[in-house]
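Peer 1: Protein chains in written order, with our numbering: chain G, 476 to 868; chain V, 476 to 868. Note that beta-carbon positions come from the ideal geometry of N, C-alpha and C, so glycine has one too. Supplied in structure tokens, the structure appears directly below.
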């Protein structure tokens, strides 16, 4: 038996742990009396077009063709539709041969990392970051190198990034709009990042790839976050429809290897190879065809924006230090005591559930997922006020 | 970039290669004039209950609950339904805590192998075997050891198996009903196999796990193939609904770790850990709920039996040497020249597409997938006769 895997399975992520605690409290107190902001599970329904597409497909399409295998990399028509949507929306050249359909963001990431990294290579992540990055990078046999972003706005620290890149660096993995901070990248930052990676690649005589984990791409409340292939040629996009279409359980996303990327055909082949080696071939077929119909749709994301405004304003008024998020559906709140774990533990007494920031590789904060019902935030605000009162005593 | 993955992606499996060739021929000659027996893609529709369940779920269930995340290991109710079906059908104790829902058989296998093997461990496979086993075992960092089965019926060679097991053996991976031979296991063989593995485990002071890859479990034309947990305690079942429900594109299956298995809780934890490390958490949610409704259903498998009889009798009459398959939907035909590749190449001139047996780790045969329309077999038989005539000249 594999001891590492056993340990990994026995030590569930902090987020899962809170999820289990929450279940217990809800059973005791009732669903509405636990203010659970721990899980990034979309709370708004999928757009009507998703269920309409499912109904149409089931009614109109032959069972063997609907539920049968597609190509390993995904149905050709589906990949064409995805490529066209990229061209239309971002002006980036894209063809079906650059798209690999996957079982959601986790699959996109594990496949991309295994495709790009040789064992022992380094992958730079920017803290705070999604905790599973550590696990996925280890699965690829690579080594995680952490470079912090700069509070309070969690902007890029290009100097630190530059210092971290060396001959062993295979890739830099970024995530904007960001989980857990809600930060987006500015066009100016995107340009600077592209220039830095281009210069470093030239100096090292090998491409330093940029991997963009983009499950929140559609969730921007101001300027859209820059589409990085337009700023840096050696970019690979890992996308998921989980949040944009509110279908996280359905596991559907894609990898996009732009033709601008150096060794584009080799990287795409490596993506196919890595998918094959882990058994990630043919993403769920019904959902692939749904995507073909719904690739331009999103859920009613304005609901998250309303939540964001209510929650952010409420917390700031009470005296909490929060960076206003430009995207995703998370608030990153500074612990009034400076200790993120203490903050989250104390909040539990008010039935508030948040995730302490050390899960994300940084100390002193808590993550709030505001992809919940508006009424829950209204009801929770007095509890946050009471919590702050304790710190003021 | 990972050179191994690039090479793996560039060298598609032989089966995929024939698939592409077939596409070209069909475009040239018309769909019905190419006798394509290369792909194990079910040709009969899913039972009506599958599409009924999808319709009901989409119409009746709240979108957020239907398309949202389930637990990493799968929805509790779904796992309960699967566990109950195992208890009812095989009399084997099973609980929801022993079931891990997966994205189909490939995922079941990659997760199980990574859970059970430490890097460098040996995994024994019985030839002929499904070609992707090599790739999956390598993904787990393990080493594949091949033990041939005994023609003409491809029964277990227990002496050879016994000789191959040593202190490094983590698992024996079997597949009955078998792809490519259609062989099933007899109850007598199952008993002997269990006894051998039990004895070896005792002598080596560590369990030698038996991994059963069972996508064809429901496709037996005589006696059902024995359910191995009833014969050997340290068995892990890797199941897929792809063939039983004719939904291979939907990627839905499960891993069953029986409570009888030594270190059952640790293995299950390792399965959770391996799933997490590769991003295999929460199998597609809509299909999970479909399984809950359809766990006792199968497609109309009698169609395959009709194909089997027509094809087998036809080929034997012409003078081909074929072992009568007891399960799955494959015929394993001996090359009249003794050379499997020569046989498949020559067959192409008659527009017959088969897979040469060296893909399966054995020389001198060709695999025919008879999960096709009955009429296609009728139409192909004269071509097989003409092919045989060439060998008789």
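Assuming residue 731 of chain V is part of the beta strand (DSSP E), what are its boundary residues?
Peer 2: Element bounds for residue 731 of chain V: 728-731.
Peer 1: Distance cutoff 8 Å, beta carbons only. Does residue 584 of chain V sit that close to anything in chain B?
Peer 2: Looking at the structure shown, chain B is missing, and the protein chains on hand are G and V.
Peer 1: I'd like to check one pair, residue 842 of chain V with residue 830 of chain V: are the Cβ atoms closer than 8 Å?
Peer 2: Cβ distance < 8 Å, so residue 830 of chain V and residue 842 of chain V count as in contact.
Peer 1: Locate the beta strand (DSSP E) running through residue 715 of chain G, then write down its first and last residues.
Peer 2: Its beta strand (DSSP E) spans residues 710-715.
Peer 1: Excluding the 5 residues preceding and the 5 following residue 602 of chain V in the sequence, name in chain order all residues of the same chain whose CB lies nearer than 8 Å to its CB.
Peer 2: Same-chain partners within the cutoff: 621, 622, 623, 624, 835, 836, 837.
Peer 1: If we define contact as Cβ-Cβ less than 8 Å, is residue 701 of chain G a contact residue for chain V?
Peer 2: No, because no Cβ of chain V sits closer than 8 Å to the Cβ of residue 701 of chain G.
Peer 1: Identify whether residue 770 of chain G lies in helix, strand or coil by the three-state DSSP scheme.
Peer 2: Here residue 770 of chain G sits in coil by DSSP.
Peer 1: For a contact defined as C-beta to C-beta under 7 Å, what are the partners of residue 521 of chain V on chain G?
Peer 2: Those are 538, 542, listed as they occur along chain G.
Peer 1: Using DSSP with H/G/I as helix, E/B as strand and the rest coil, what is residue 583 of chain V?
Peer 2: Correct three-state label for residue 583 of chain V: helix.
Peer 1: Grab me the residues of residue 594 of chain V's own chain with a C-beta within less than 6 Å of its C-beta, minus the 5 sequence neighbours each way, in chain order.
Peer 2: Cβ within range, chain order: 616.
Peer 1: Can you name, in chain order, every residue of its own chain whose Cβ lies under 6 Å from the Cβ of residue 469 of chain V, other than the five neighbours on each side?
Peer 2: The question about residue 469 of chain V has no answer here: the residues shown for chain V are numbered 476 through 868.
Peer 1: When you compare only the Cα positions, how much space is there between residue 500 of chain G and residue 572 of chain V?
Peer 2: Their backbone Cα atoms lie some 22 Å apart in a straight line.
Peer 1: Whose CA, out of G:490, G:556, G:773, G:744, lies closest to the CA of residue 832 of chain G?
Peer 2: The shortest Cα separation from residue 832 of chain G among G:490, G:556, G:773, G:744 belongs to G:490.
Peer 1: With DSSP as the reference, identify every bridge partner of residue 802 of chain V, one or two as the case may be.
Peer 2: Beta-bridge pairing links residue 802 of chain V to V:695.
Peer 1: Go through the segment 615-689 of chain V residue by residue and report every complete run of the alpha helix (DSSP H) that reaches 4 residues or more, in order.
Peer 2: Within the segment 615-689 of chain V, the complete alpha helix (DSSP H) runs of at least 4 residues are 633-639, 662-679.
Peer 1: Whether or not the segment 684-698 of chain V and the segment 709-725 of chain V are in contact is what I'm after, with contact meaning three or more pairs of Cβ atoms, one per stretch, closer than 8 Å; do they touch?
Peer 2: The segment 709-725 of chain V, when compared against the segment 684-698 of chain V, does touch it at the 8 Å Cβ threshold.
Peer 1: Which residue comes first and which comes last in the alpha helix (DSSP H) that contains residue 861 of chain G?
Peer 2: Element bounds for residue 861 of chain G: 849-867.
Peer 1: Alpha carbon to alpha carbon, what distance is there between residue 560 of chain V and residue 771 of chain V?
Peer 2: Distance between the alpha carbons of residue 771 of chain V and residue 560 of chain V is about 7 Å.
Peer 1: Taking 8 Å as the cut-off, decide whether the C-beta atoms of residue 476 of chain V and residue 556 of chain G are in contact.
Peer 2: Contact: no.
Peer 1: Quick one: residues in its chain with C-beta nearer than 6 Å to the C-beta of residue 648 of chain V, no 5 flanking neighbours on either side, listed in chain order?
Peer 2: Taken in chain order, the residues that qualify are 598, 600, 686.
Peer 1: Just checking, does the segment 747-759 of chain V make contact with the segment 660-670 of chain V on the three C-beta pairs under 8 Å criterion?
Peer 2: In short, these stretches do not touch, since the Cβ pair count stays below three.
Peer 1: So is residue 751 of chain V buried or exposed if we call it buried at 16+ other beta carbons inside 10 Å?
Peer 2: Residue 751 of chain V is buried by the Cβ-count criterion.
Peer 1: Residue 797 of chain V bridges to which residues according to DSSP?
Peer 2: Paired residue(s): V:808.
Peer 1: Return yes when the Cβ of residue 758 of chain V is within less than 8 Å of the Cβ of residue 727 of chain V, no when it is not.
Peer 2: Contact: yes.
Peer 1: Could you check whether the Cβ of residue 647 of chain G sits closer than 8 Å to any Cβ belonging to chain V?
Peer 2: Residue 647 of chain G does not count as touching chain V.
Peer 1: Can you check DSSP and say which residues form a bridge with residue 704 of chain G?
Peer 2: Paired residue(s): none; residue 704 of chain G is not in a bridge.
Peer 1: How far does the alpha helix (DSSP H) with residue 502 of chain G in it reach, from first residue to last?
Peer 2: Element bounds for residue 502 of chain G: 489-504.
Peer 1: Find the residues of chain V that neighbour residue 611 of chain G, judging by a C-beta separation of less than 7 Å, and give them in chain order.
Peer 2: Result: 754.
Peer 1: Measuring only the C-alpha atoms, how far is residue 810 of chain V from residue 738 of chain G?
Peer 2: In a straight line, the C-alpha of residue 810 of chain V is about 42 Å away from that of residue 738 of chain G.
Peer 1: Mind the definition here: the segment 843-858 of chain G touches the segment 785-800 of chain G only if three or more C-beta pairs lie below 8 Å; say whether that holds.
Peer 2: Judged by Cβ distances under 8 Å, the segment 843-858 of chain G makes contact with the segment 785-800 of chain G, as three or more pairs qualify.
Peer 1: Buried or exposed, going by whether 16 or more other CB atoms sit within 10 Å of the CB of residue 713 of chain V?
Peer 2: Label assigned to residue 713 of chain V: buried.
Peer 1: Just to confirm the assignment, what range does the alpha helix (DSSP H) spanning residue 481 of chain G have?
Peer 2: Run containing residue 481 of chain G: 478-485, per the alpha helix (DSSP H) assignment.
Peer 1: Are residue 682 of chain V and residue 569 of chain V touching if we call contact CB-CB under 8 Å?
Peer 2: No. Outside cutoff.
Peer 1: For residue 680 of chain V, return the contacting residues in chain G, with the cut-off set at a CB-CB distance below 7 Å.
Peer 2: Under the 7 Å cutoff, chain G gives no residues; its nearest Cβ is about 14 Å from residue 680 of chain V.
Peer 1: Just to confirm, are residue 653 of chain G and residue 803 of chain G a CB contact at a threshold of 8 Å?
Peer 2: Yes; because the gap between Cβ atoms is below 8 Å, this pair is in contact.
Peer 1: Spell out whether any CB of chain G is found under 8 Å from the CB atom of residue 593 of chain V.
Peer 2: Yes, contact with chain G.
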